[in-house]
Each structure stands twice: as C-alpha cells, then as structure tokens.
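Here's the structure, in structure tokens; my notes come after.
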Amino acid sequence: MVALVSLGLAGAAGGQPGGGRSETKLRIGQSATFRGTQTVPRAKLRFTLLAYVDPVRSRLYRPREGTRFVAFKLRIANLTRHRWQGTVASWATLVGRTGREYDVTTPGHVQPWAVKLPALNEGMTIEGKQTVVGYLGWALPKGIKLRGFRYQLELGPDVSEWKLVRRAF
Numbered sequence: 048m049v050a051l052v053s054l055g056l057a058g059a060a061g062g063q064p065g066g067g068r069s070e071t072k073l074r075i076g077q078s079a080t081f082r083g084t085q086t087v088p089r090a091k092l093r094f095t096l097l098a099y100v101d102p103v104r105s106r107l108y109r110p111r112e113g114t115r116f117v118a119f120k121l122r123i124a125n126l127t128r129h130r131w132q133g134t135v136a137s138w139a140t141l142v143g144r145t146g147r148e149y150d151v152t153t154p155g156h157v158q159p160w161a162v163k164l165p166a167l168n169e170g171m172t173i174e175g176k177q178t179v180v181g182y183l184g185w186a187l188p189k190g191i192k193l194r195g196f197r198y199q200l201e202l203g204p205d206v207s208e209w210k211l212v213r214r215a216f
C-alpha cells in the first residue's frame with residue numbers, strides 16, 4: 048500500500064505531462080478520457096469539469112488567515128466494467144496564472160482539502176460503469192490566481208488541462 052501512495056505522489060510531483068505526451072486543452076463543461084497504466088492498467092475514466100468555484104465557502108471548515116478555498120466540481124464516469132480505486136487529488140495539478148504548478152506535494156499552504164460535499168479528496172472506489180459527481184477542494188493562499196486545472200491519471204498517457212474562468216458562489 049505504501050508503494051501505491053508513493054507512486055501517486057511521484058506522479059503528481061512532476062507537474063509536467065510525461066515524456067512528450069500531448070496535452071488536450073479544454074473548457075469548463077468539456078470531457079476528457081484517461082487511461083491508467085500503473086496500479087490499475089485497465090482503468091478508463093471520463094472526467095468532466097462541471098464548474099470551478101473561487102472562492103468557495105465551506106460549511107465544514109474555515110480557511111486559515113491569508114488563504115481561501117477553491118473547488119472543482121467533477122463528474123467522473125468509469126467506462127469499464129472493472130472497479131477503480133484511487134485518490135483523485137493525487138493526480139491533479141493546479142496551474143497558476145504565471146505558469147507555476149501546484150499539486151499534492153507542493154509545500155506550504157497549498158493542499159487538497161475537502162471543502163464541499165460530496166468530496167472527492169479522499170481515496171474512493173468507482174464501480175464498473177458507475178458515475179460519481181462531487182467536489183475536489185483545495186486550500187490556496189489568497190495571492191495565487193489559477194488559470195488551469197490539469198489532470199493525468201496514474202502517470203498514464205492522457206493529459207488534459209481545463210482553462211479556468213473564476214466564479215464565486
């Protein structure tokens with residue numbers, strides 16, 4: 048189990064699409080399909096970024112002074128008959144307006160945080176042919192402005208980045 052977690056963090060730490068892979072550029076509302084290669088080679092998940100909320104209010108937590116919460120509303124469909132288990136946040140990269148990348152290994156006050164329910168931040172299981180909708184939340188310093196949400200599942204060959212348009216709820 049420790050090896051699986053280490054693989055996840057190593058994948059997220061790179062923050063770069065691996066070895067010459069092409070990156071699909073998307074808008075909010077568009078979908079991308081991701082194939083797994085590491086822990087679940089038969090994985091095939093379709094992600095749709097439904098909304099980006101910045102800042103988001105949480106009924107669960109208050110942000111630390113100087114930080115804010117943001118949330119990405121995602122629909123994730125398992126396109127296979129096989130169960131997928133993993134942590135959605137491990138493979139996400141937030142792209143700042145300056146091009147700087149932030150992920151689960153970024154030190155400081157940037158971190159995934161379950162700010163809105165149903166939360167997709169923890170480990171989860173998506174059964175074959177099942178679709179889930181929920182929020183991937185993050186705590187960010189107030190000064191960081193985001194321009195993109197990038198995803199690459201399990202170091203797989205598919206990388207997509209959604210252009211973010213800021214909306215507050």
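All you need for this note's numbering is the position in the sequence shown, starting with 1, plus 47. Using N, Cα and C, we set each Cβ at its ideal position, and we do this for glycine too.
Taking C-beta separations shorter than 6 Å and ignoring five residues to either side along the sequence, the partners of Ser-78 in its chain run Arg-93 and Thr-95, following chain order. By the criterion of a C-beta distance shorter than 6 Å, Pro-165 is surrounded in its chain by Gly-181, once the five residues flanking it on both sides are discounted. Distance from the CA of Tyr-198 to the CA of Gly-83, rounded to the nearest whole angstrom, comes to 12 Å. Rounded to whole angstroms, the separation of the alpha carbons of Glu-201 and Arg-194 is 23 Å. Looking at the DSSP output, Trp-131 shares a beta bridge with Ile-173. Listed in chain order, the non-local C-beta contacts of Thr-127 below 8 Å within the same chain comprise Arg-89, Ala-90, Lys-91, Gly-175 and Lys-176, local neighbours out to five positions each way being set aside.
Within the same chain, and ignoring the five residues on either side of Ala-124 in sequence, the residues whose Cβ sits closer than 6 Å to its Cβ are Arg-93 and Thr-178. Inter-segment contact for the stretch 143-153 and the stretch 97-111 is absent: fewer than three beta-carbon pairs are separated by less than 8 Å.
Just so you know, the alpha carbons of Ile-75 and Glu-208 end up roughly 10 Å apart.
Per DSSP, Ser-207 is one residue of the beta strand (DSSP E) stretching across 206-210. Here DSSP, grouped into helix, strand and coil, assigns Glu-201 to helix. Straight-line measurement puts the Cα of Pro-188 at about 32 Å from the Cα of Trp-131. DSSP places Ser-137 within a helical segment (H, G or I) once states are collapsed to three. Taking a C-beta distance under 8 Å as the contact criterion, Leu-107 and Ala-136 do not qualify as a contact pair. Setting aside the 5 residues that flank it on each side, Leu-121 is surrounded in the same chain by Phe-94, Thr-95, Leu-96, Leu-97, Val-135, Leu-167, Val-180, Gly-181, Tyr-182 and Leu-183, each with a C-beta closer than 8 Å to its C-beta; the list follows chain order. Take the alpha-carbon of Glu-70 and the one of Ala-118: they are about 22 Å apart. Straight across, the Cα-Cα distance linking Lys-163 with Gly-133 is about 19 Å.
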